[in-house]
Amino acid sequence: MSEQRTGLLQRPLGYWSVVLLGVNAVIGAGIFLTPGAVISDAGTLAPLAYVIAAVFALVLALVFATAARYVRTNGAAYAYTMVGIGRRTGIYVGVTHAFTAAIAWGTLASFAVTTFLQVVFPHEGWSKETGFLSVKTLTFVLFILLLLVINYFGNRVIAWTNGISTIGKVLALVIFIVAAVVTVVVTGHNDYHLAGGSKVYGGPSTYSLFGFIDVGTGEFASVVLAVIAALYAFTGFESIANAAEEMEQPDRTLPRAVPTAMVIVAVVYLLAITSGMLLAPDKIANSSDTVKLAAAITNDTVHTLVVIGALVSLFGINIASSFSAPRLFTALADDGLLPAAIARKRGFGVPLLAFGVTAVLAIAFPLSLGYDTANLTGLAVISRFVQFLVVPVVVIRFASSRKERWASIRTGRLLGTVVPAVAIVFSLFLLVSFDFKGIFVSGGRPNVLAITLLAIAFVIAPLASYLVDARRTATPTRA
Numbered sequence: 058m059s060e061q062r063t064g065l066l067q068r069p070l071g072y073w074s075v076v077l078l079g080v081n082a083v084i085g086a087g088i089f090l091t092p093g094a095v096i097s098d099a100g101t102l103a104p105l106a107y108v109i110a111a112v113f114a115l116v117l118a119l120v121f122a123t124a125a126r127y128v129r130t131n132g133a134a135y136a137y138t139m140v141g142i143g144r145r146t147g148i149y150v151g152v153t154h155a156f157t158a159a160i161a162w163g164t165l166a167s168f169a170v171t172t173f174l175q176v177v178f179p180h181e182g183w184s185k186e187t188g189f190l191s192v193k194t195l196t197f198v199l200f201i202l203l204l205l206v207i208n209y210f211g212n213r214v215i216a217w218t219n220g221i222s223t224i225g226k227v228l229a230l231v232i233f234i235v236a237a238v239v240t241v242v243v244t245g246h247n248d249y250h251l252a253g254g255s256k257v258y259g260g261p262s263t264y265s266l267f268g269f270i271d272v273g274t275g276e277f278a279s280v281v282l283a284v285i286a287a288l289y290a291f292t293g294f295e296s297i298a299n300a301a302e303e304m305e306q307p308d309r310t311l312p313r314a315v316p317t318a319m320v321i322v323a324v325v326y327l328l329a330i331t332s333g334m335l336l337a338p339d340k341i342a343n344s345s346d347t348v349k350l351a352a353a354i355t356n357d358t359v360h361t362l363v364v365i366g367a368l369v370s371l372f373g374i375n376i377a378s379s380f381s382a383p384r385l386f387t388a389l390a391d392d393g394l395l396p397a398a399i400a401r402k403r404g405f406g407v408p409l410l411a412f413g414v415t416a417v418l419a420i421a422f423p424l425s426l427g428y429d430t431a432n433l434t435g436l437a438v439i440s441r442f443v444q445f446l447v448v449p450v451v452v453i454r455f456a457s458s459r460k461e462r463w464a465s466i467r468t469g470r471l472l473g474t475v476v477p478a479v480a481i482v483f484s485l486f487l488l489v490s491f492d493f494k495g496i497f498v499s500g501g502r503p504n505v506l507a508i509t510l511l512a513i514a515f516v517i518a519p520l521a522s523y524l525v526d527a528r529r530t531a532t533p534t535r536a
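FYI, in the numbering used here the residues of the sequence shown are 58 to 536.
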């Protein structure tokens, strides 16, 4: 009996399992949180912003899925870069990927805490606090500790909470979409046009290079800003291939399953955002609540169900992030790029030191940005751009290589060259379009903490890893 159970547990994930894994990895906090900013930036063009974001995410998902044809091991971007370009670039991608995961977790955790305080203590104003010494920060730290306790008791609890979160978020979105469609059909009225009004649409935005050099003002700039905000709702696709070794023929399954998952997500998102704009785009855009979508619902019961669904989703996603993010640091430690103690496991197989390092970073980034939702979502997207730029280059190298182990893999010019090239151009454009000034400058003064954290993540930590790796490889081997 035990052998049969072991066989079932070790059975590789098939096509539809990977599709569902992808849908679960992508649909999360973003669709509940980003609509307000997207509608304010793009007005009636908000659905277009989600379409463009979906196309960009699909292009990148295809790139990552194509890379999986060549490298079947775990690690996604880290593994692809190590094999396709080399150790030096791989180290940089691996280190920044670990910090990126910490930033993403911190963003999700801050959203969860803000939403929890809004729902449970609506009259206290704690959810709007931004100070270091505040009820919100105390709750934030306690939430991180709760996640540590959950992780400490092993994978069974992790699996249970992940399943609950999946049901919660899908049910919440379905309820929202159905309620919106029924309301519009029954009343025969919709308020989509209000999205273009002065109370919702902020007007043409100024397009700036990196947020510092103004180029011009117009609707184009507004849509670009909206796309960056909407793209946060699609992040997560880059992690689908992290467990490639657990999949059935990953070189065949991933290239088919990942695009399917992204199309499903895009359809759900477009239904949700369009439904919300038909109901009350003004309420979504001007809501001070974290769960923006729920603001469009006037029925108290449905509103509560959507908010609870979002809370359950946020909780579950934080469970998943608190589980996976520390493992990136342990992978670096196992590879000799960080002290071995970081990978040492305690209790039910939990790398406590790795968890502690990740937790400190996860807390530090939201605090440094004053829990600013727009900047946190933007940073969560931009912090992934190292992977978004490097992996397409890796795919082009794979496709053009004449090495025997890769030459037999046929991707065609479209997937091997054209799609990766488009991904590079799109990534560079969004990178120069991002408002870094909003992160580096606060209240007219340099945000020293944010600058320091980003310097550690993208400069100091990679350099330190290079030094560690150089000393390790330069140490002579005794005969």
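We put the beta carbon where it would ideally sit given N, CA and C, even for glycine. No experiment lies behind these values; they were computed from the predicted model shown.
Taken atom to atom, the span from the alpha-carbon of I508 to that of K494 is near 11 angstroms. Straight-line measurement puts the Cα of I88 at about 12 angstroms from the Cα of I341. Taking the CA atoms as reference points, P312 sits about 12 angstroms from V116. The three-state reading of DSSP puts V257 in coil, since its state is none of H, G, I, E or B. Membership of L266 in the beta strand (DSSP E) is indicated by the continuous run 262 to 266. By the Cβ neighbour-count rule, T530 is exposed, with fewer than 16 other Cβ atoms within 10 Å of its own. Leaving aside the five residues that flank N247 on each side, the residues in its chain whose CB is nearer than 7 angstroms to its CB run, in chain order, V241, L335. Here V120 has V448, P449, V452, V476, P477, A480 as same chain residues with Cβ atoms under 7 angstroms from its own Cβ, once five neighbours each way along the sequence are excluded. The alpha-carbon of V525 is positioned some 39 angstroms away from that of A287. A Cβ-Cβ distance of about 7 angstroms is found for the pair I148 and P519, placing them in contact under the 8 angstroms criterion.
By the neighbour-count criterion, in which a residue is buried when 16 or more other Cβ atoms sit within 10 angstroms of its Cβ, V443 is buried.
Contact annotation: A382 and V364 have beta-carbon atoms that are not nearer than 8 angstroms.
In the assembly as shown, Q306 is an exposed residue. Its beta-carbon has fewer than 16 other beta-carbons within 10 Å.
In the structure shown, I96 adopts helical secondary structure according to DSSP, grouped into three states.
Only residues of its own chain outside the window of five on either side were considered, and among them I84, L230 have a CB closer than 7 angstroms to the CB of V325, listed in chain order. When the five nearest sequence neighbours on each side are left out, the beta carbons in the same chain lying within less than 6 angstroms of the beta carbon of F197 are those of V170, in order along the chain. Taking every protein chain shown into account, the CB of D392 has 16 or more other CB atoms within 10 angstroms, so this residue is buried.
Cβ-Cβ separation between A400 and A416: approximately 16 angstroms, too far for a contact (criterion under 8 angstroms). L174 is positioned such that its CB atom lies closer than 8 angstroms to that of S184.
Apart from the 5 residues on each side of it in sequence, F178 sits with its Cβ closer than 8 angstroms to the Cβ of S184 in its chain, given in chain order. Unbroken alpha helix (DSSP H) stretches of 4 residues or longer found wholly inside the segment 445 to 517: 461 to 464, 476 to 490, 494 to 497, 505 to 512, given in chain order. Each residue's CA atom was taken as its position, placing T187 and T194 some 8 angstroms apart. T317 and T474 have their C-alpha atoms some 21 angstroms from each other.
In this structure, V112 and Y135 do not form a Cβ contact; the two beta carbons are roughly 26 angstroms apart against a cut-off of 8 angstroms.
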